[in-house]
Each structure stands twice: as structure tokens, then as C-alpha cells.
Amino acid sequence: MPVQGSSSSPHSLLTRVPQVFKSLEKALTLLMVLALVAMIALVFVNVVLRYGFNSGISISVELSRFLFVWVTFMGAVTALIRQEHLSVNTFADKLPAACRRVLDRVVTLVMLGCCLMLLKGSFDQTVLNWSNLSPISGIPVGVFYLAGLMAGVLMSLILLWRLLTPLALHGNTPPNSASPSSDQQGDTP
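The sequence shown begins at 1 in the UniProt record's numbering and counts up by one.
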């Protein structure tokens, strides 16, 4: 017997997916901020120790490098959720709405193919390098490639969602007004 008040119909589940993506975006943004703060602190302290006291924290360079890779891939996922990746819309903006929708689907399919290649390559490298330890911190080198694997999985899911739901590509706006032109973007974050 279903719990009263719970809605597990396919439609209600589909309406929750954008909320899940929004929560994912917020979580990734928080993780990126924390990683950037940690990177700045590690590098700053290391520079002060190296130039001021002729010593240093040997692990800080390695940890900063690991964090930088993770921030890069988390940023790629966040940009995809926000639809803020670079795109050239000069040609697409001149197309009729029906052609634009077809082009958007083709572009999404190409992006999905690239994400699946990233996923496979990152998976292979993660497995291959998991037993190799970084020289200073002892962290498995596979953690480096795990960032690409995480990004490949998440971006593939986002792109699949956009392909499988008719309004996911453009929301409630017409296709030609989904992405502002470069003149309208200005200093948008």
C-alpha cells in the first residue's frame, strides 16, 4: 500500500529531476569554493614558509594539483547544468524553430558522445592507475582520473535528460530565446 501523500508517478519523478540538478549544482559549487580556499591556503602557506623560513610543506603542491583537477571537472558539470558552456549561435539563431530543435538535439548527441568517451577513458585510467601512489602524499593516482569519471557520468546523465525530455533543452522559452546573445550576456556570472 503506498504511503499517503507520496507521489511516485513517473510524471512527479520527472518534475523532480531539475530540482536534483539544482541541488547538485549547489553542492558542486560549495565543494569548488572549499577546494579553492584550500588550494589558496596551501599555496600561500607554502610560499611564506619557503621564502620566509626556508622550509615548506611538501604535500601542498601535490594536494593543490589534485584539487585543481577536481575543481576543473566540477566546474564543467556546473557549467553544463547552467548551460553556460561556450557556444557559437550565429548560424543556429537564424534557423526556424523546428530546425533549431533538431540542431540542438544533434549538438546534444555529439556532446553526449564526447562525455561517454571521457567516461570510458577516465574509467580505464582510474583502474590502471589506482595502484600507483603519488610520491609525496601516497594518494592513489587514480583519484586524479576519478574526477574525469565523475564528470563523465554526471554530464552524460544531464545530457540524456535533455535528450529524453522535450522541454528540458529550452525550458518554457522558445528555442531562439533560450540562450542570450553575446551582447546580452555582459558580465553575467
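All C-beta atoms, glycine included, are put in the ideal place defined by N, C-alpha and C.
| said: I need the DSSP call for P135, collapsed to helix, strand or coil. | reply: coil
| query | In whole angstroms, what separates the C-alpha of R65 from that of K22? | reply | 28 Å
| Would you report the Cα separation of A76 and M32, rounded to the nearest angstrom? | 11 Å
| query | Roughly how many angstroms separate the alpha carbons of V143 and L63, rounded to a whole number? | reply | 11 Å
| message | Between V141, L159, L146, which has its C-alpha nearest G113's C-alpha? | response | L159
| field | Per-residue burial, C99 [other beta carbons within 10 Å of its own, 16 or more giving buried] | value | exposed
| task | For A92, collect the residues of the same chain with a Cβ closer than 7 Å to its Cβ; drop the 5 residues on either side in sequence, then sort them by chain order. | result | R100, L103
| When the Cα atoms are used, what is the spatial distance from G152 to T108? | 14 Å
| said: Quick check on DSSP: helix, strand or coil for P18? | reply: helix
| query | What is the rounded straight-line gap between the Cα of W70 and the Cα of R16? | reply | 27 Å
| message | Below 8 Å on the Cβ atoms is my contact criterion, and I expect L128 with S156 to pass it. Report the Cβ-Cβ distance as a whole number of Å. | response | Contact doesn't hold; Cβ gap of about 21 Å is too wide.
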